[in-house]
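Visitor: Here's a structure for you.
Here's what the structure looks like:
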């Protein structure tokens, strides 16, 4: 077996170990906690819930908990291995998806490696132990199915139907699957009409099959605990203006930010490679690229979608550019014994580095330090030690953490913006940013204590306000209690 360990195979093995290292990070996304809280509630109550059990501002409010399947998986992982299990799940899910993308690329391992590193760097910013990881995985599966069907003639399209049944019970990002399939169908129709016999296409029989698969997949989505309500969830979410006003991942990306630069590079390189390759324009590629490009340039969280859609297209066209210019590295078919030993040594060294990275991120002290930088661990313990009257006004960023670690105190707000709606989120933001006096809202919701970021607008407001006592403060959080509470 080692006789087949060429430098090309070694490069691919090392590539995916490095990508896994990039994705293996301590989970600090605070939204994961309300997903864990939801799953715990499902397990403890023995069934799904339809009225909100976690807030005092919208108690019993109806919300389609479309993430329920993913939430149960995350909770099982949490019970099994805490943050470490969730960290590994996120990394493995992310990199398996990227492996599927790699399988759609032309046979040029060194070029593919560079493109995958770029795509991973662009997408990894949005990888965290949340249900959206299932959308990443299923998006990559969808691209694997449609790209291989078109480019390689391998027909596994029927897998789209059971996959969509799962996807619809895991995350509302299922709409991405239909966007990709719909874009491919539209592009293939235009290819036939605009440039028949000039661009490889799946033909009318292939188009009919994709349409049929899409229709059946849309029909099976009804098989979920919330019925037809699931169909409108993506549109309701996109319709929330407060997401774009206040939530960073829903805003336009700043192309010059360091974390966004890999995406910016792909945004430039992909169309440039299409021009330089001089390959006849494939309208399917163009539609998918323009569609996901628009989605990503208007909403930052869609950068991950653009990265996986664009990577195979970039690889195809850059491969053509390199082939035409003779920039091709010939594969070594039969490596020497010395080369095999060197390849094994390289794999072992990189593997040890990956293992050390995982072990370090799994250390309790390292995880505690990372968490204490983003969530109010000590402040919550302080609240548990006291019996404050009234309801809590909490930071939006920490609502999920409170749902999981302070379940006896219903939250004012958390990451489920579709539950709270534009009006309440806007009202919260005005108070939290210090633009509005909190008295009226505090009276309406019987607020007895406040947990917010140290130095925030409302913190500065309450420091000067009579009737509120600051009872706790650290570098991250501050707690105020109503004077007569």
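Residue numbers (this note's numbering): 1 to 485.
Glycine included, each C-beta is placed from N, C-alpha and C at the ideal position.
Nothing here was measured: the structure is a model prediction, and the numbers come from that model.
#1: What do you get for residue 198, buried or exposed, if any count of 16 or more other CB atoms within 10 angstroms of its CB means buried?
#2: Got a sec? Which residues, its chain only, sit under 8 Å from residue 143 by beta carbon, not counting five neighbours each side?
#3: Whose C-alpha, out of 119, 46, 33 and 112, is nearest the C-alpha of residue 497?
#4: If you draw a straight line from the C-alpha of residue 353 to the C-alpha of residue 284, how long is it?
#5: Along the chain, where does the alpha helix (DSSP H) containing residue 220 start, and where does it finish?
#6: Ends of the alpha helix (DSSP H) at residue 240?
#7: Go ahead and label residue 41 buried or exposed: buried means 16 or more other beta carbons lie within 10 angstroms of its beta carbon, across all protein chains shown.
#8: Assign residue 55 to one of two classes, buried (16 or more other C-beta atoms within 10 Å of its C-beta) or exposed (fewer than that).
#9: Hey, out of 165, 481 and 230, whose CA is closest to residue 459's CA?
#10: Could you tell me which of 246, 264 and 245 sits nearest to residue 254, measuring between CA atoms?
#11: Which runs of the beta strand (DSSP E), 3 residues or longer, sit entirely within the stretch 317–397?
#12: For the putative contact between residue 413 and residue 84, defined by C-beta atoms under 8 Å, what is the C-beta separation to the nearest angstrom?
#13: For the alpha helix (DSSP H) containing residue 463, list its first residue and its last residue.
#14: I'd like the list of long-range same chain contacts for residue 11, defined as Cβ closer than 8 Å, with 5 residues on each side in sequence excluded.
#15: What first and last residue would you give for the beta strand (DSSP E) that runs through residue 470?
#16: Are three or more beta carbon pairs between the stretch 272–291 and the stretch 183–190 nearer than 8 Å?
#17: Using the DSSP secondary-structure output, state which residues sit across from residue 55 in a beta bridge.
#18: Closest to residue 322 by C-alpha separation, out of 279, 349, 357 and 348, would be which residue?
#19: So residue 96 packs on residue 157, CB below 8 Å; how close in whole Å?
#20: Do three or more CB pairs link the stretch 438–448 to the stretch 380–392 at distances below 8 Å?
#21: Name the two residues that bound the continuous alpha helix (DSSP H) containing residue 147.
#22: Would you please state the rounded distance, in angstroms, between the beta carbons of residue 23 and residue 94? I believe it to be under 8 Å.
#23: My understanding is that residue 317 touches residue 274, with C-beta atoms under 8 Å, so please give their C-beta distance in whole angstroms.
#24: In the DSSP output, which residue or residues are listed as bridge partners for residue 451?
#25: Would the beta-carbon of residue 78 fall within 8 Å of that of residue 169?
#26: Which of the three DSSP states is assigned to residue 428 in this structure?
#27: If contact is defined by three or more beta carbon pairs under 8 Å, each pair taking one atom from either stretch, is the stretch 221–230 in contact with the stretch 397–412?
#28: Taking DSSP's pairing of strands, which residues face residue 294 in a bridge?
#29: Using three-state DSSP, classify residue 33 as helix, strand or coil.
#30: Assuming residue 288 contacts residue 163 under a Cβ cut-off of 8 Å, what Cβ separation, rounded to an integer in Å, is found between them?
#31: Please classify residue 293 as buried or exposed, where buried requires at least 16 other C-beta atoms within 10 Å of its C-beta.
#32: Note the first and the last residue of the continuous alpha helix (DSSP H) segment covering residue 99.
#33: Distance cutoff 8 Å, beta carbons only. Does residue 414 sit that close to anything in chain D?
#34: Apply the 10 Å Cβ neighbour rule to residue 212 and answer buried if 16 or more other Cβ atoms are within range, or exposed otherwise.
#35: Ignoring anything shorter than 4 residues or poking outside the stretch 167–208, list the alpha helix (DSSP H) runs there in chain order.
Guide: Walking through what the data contain:
#1: For the purposes of this step, residue 198 is identified with residue 198 of the chain shown, where counting begins at 1. Residue 198 should be labelled exposed.
#2: Mapped onto the chain shown, residue 143 falls at position 143. Cβ neighbours of residue 143 beyond the five flanking positions: 100, 101, 104, 180, 308, 309 and 312.
#3: With the chain running from 1 to 485 in the structure shown, residue 497 is simply not present.
#4: Here residue 353 refers to the residue found at position 353 when the chain shown is read from its first residue. Here residue 284 refers to the residue found at position 284 when the chain shown is read from its first residue. Rounded to whole angstroms, residue 353 to residue 284 spans 41 Å at the Cα level.
#5: In the chain shown, the residue the question calls residue 220 occupies position 220. Per DSSP, residue 220 belongs to the alpha helix (DSSP H) from 203–220.
#6: Translated into positions along the chain shown, residue 240 becomes position 240. Looking at the DSSP string, residue 240 is not in any alpha helix (DSSP H), and its letter there is neither H nor E.
#7: Within the chain shown, numbered from 1, the residue matching residue 41 stands at position 41. Label assigned to residue 41: buried.
#8: Position 55 of the chain shown, counted from the start, is the residue given in the question as residue 55. Buried, by the Cβ-count rule.
#9: As a first step, residue 459 is located in the chain shown; it is residue number 459 there, counting from the start. It is 481 whose Cα lies nearest to the Cα of residue 459.
#10: Along the chain shown, one-based indexing puts residue 254 at 254. Comparing Cα-Cα distances from residue 254 to each of 246, 264 and 245, the minimum goes to 264.
#11: 391–394
#12: As a first step, residue 413 must be located in the chain shown, where it is residue number 413. As a first step, residue 84 must be located in the chain shown, where it is residue number 84. About 29 Å separates the two Cβ atoms, so there is no contact after all.
#13: On the chain shown, position 463 is the one that residue 463 refers to. Where residue 463 is concerned, the enclosing alpha helix (DSSP H) stretches over 457–463.
#14: Within the chain shown, the letter at position 11 stands for residue 11. 109, 110 and 113, listed in sequence order.
#15: For the purposes of this step, residue 470 is identified with residue 470 of the chain shown, where counting begins at 1. Start and end: 468–473.
#16: yes
#17: Within the chain shown, residue 55 is the residue found at index 55, counting from 1. DSSP output for residue 55 lists 411 as bridge partner(s).
#18: As a working mapping, residue 322 is identified with position 322 in the chain shown. Residue 279 is the option with its Cα nearest to residue 322.
#19: As a working note, residue 96 is residue 96 in the chain shown. As a working note, residue 157 is residue 157 in the chain shown. Not really, about 20 Å apart at Cβ, beyond 8 Å.
#20: yes
#21: To locate residue 147, count along the chain shown from 1; it is residue 147. For residue 147, the uninterrupted alpha helix (DSSP H) segment begins and ends at 132–147.
#22: For this step, residue 23 is matched to residue 23 along the chain shown. For this step, residue 94 is matched to residue 94 along the chain shown. Cβ-Cβ separation between residue 23 and residue 94: approximately 5 Å, consistent with a contact (criterion under 8 Å).
#23: As a first step, residue 317 must be located in the chain shown, where it is residue number 317. As a first step, residue 274 must be located in the chain shown, where it is residue number 274. Yes, residue 317 and residue 274 are in contact; Cβ-Cβ is about 5 Å, under 8 Å.
#24: For the purposes of this step, residue 451 is identified with residue 451 of the chain shown, where counting begins at 1. 394 and 479, per the DSSP bridge assignment.
#25: Against the chain shown, residue 78 aligns to sequence position 78. Against the chain shown, residue 169 aligns to sequence position 169. Taking 8 Å as the Cβ cut-off, residue 78 and residue 169 do not qualify as a contacting pair.
#26: The residue labelled residue 428 in the question sits at position 428 within the chain shown. Residue 428: helix per DSSP, three-state reduction.
#27: At 8 Å Cβ cutoff, the stretches do not touch.
#28: Within the chain shown, residue 294 is the residue found at index 294, counting from 1. None, per the DSSP bridge assignment.
#29: On the chain shown, residue 33 is found 33 positions in, with the first residue counted as 1. In the structure shown, residue 33 falls within a helical segment according to DSSP collapsed to helix, strand and coil.
#30: Sequence index remark: in the chain shown, residue 288 carries index 288 (1-based). Sequence index remark: in the chain shown, residue 163 carries index 163 (1-based). Actually they do not touch by this definition, with Cβ atoms about 18 Å apart.
#31: Along the chain shown, read from residue 1 onward, the residue named residue 293 stands at position 293. So residue 293 ends up on the buried side.
#32: Looking up residue 99 in the chain shown gives position 99. Counting along the chain, the alpha helix (DSSP H) containing residue 99 begins and ends at 68–103.
#33: As a matter of chain content, chain D is missing from the structure shown, which is built from one protein chain.
#34: Reading the chain shown from its first residue, position 212 is the one you call residue 212. In this structure residue 212 is exposed. Its beta-carbon is surrounded by fewer than 16 other beta-carbon atoms within 10 angstroms.
#35: 175–194
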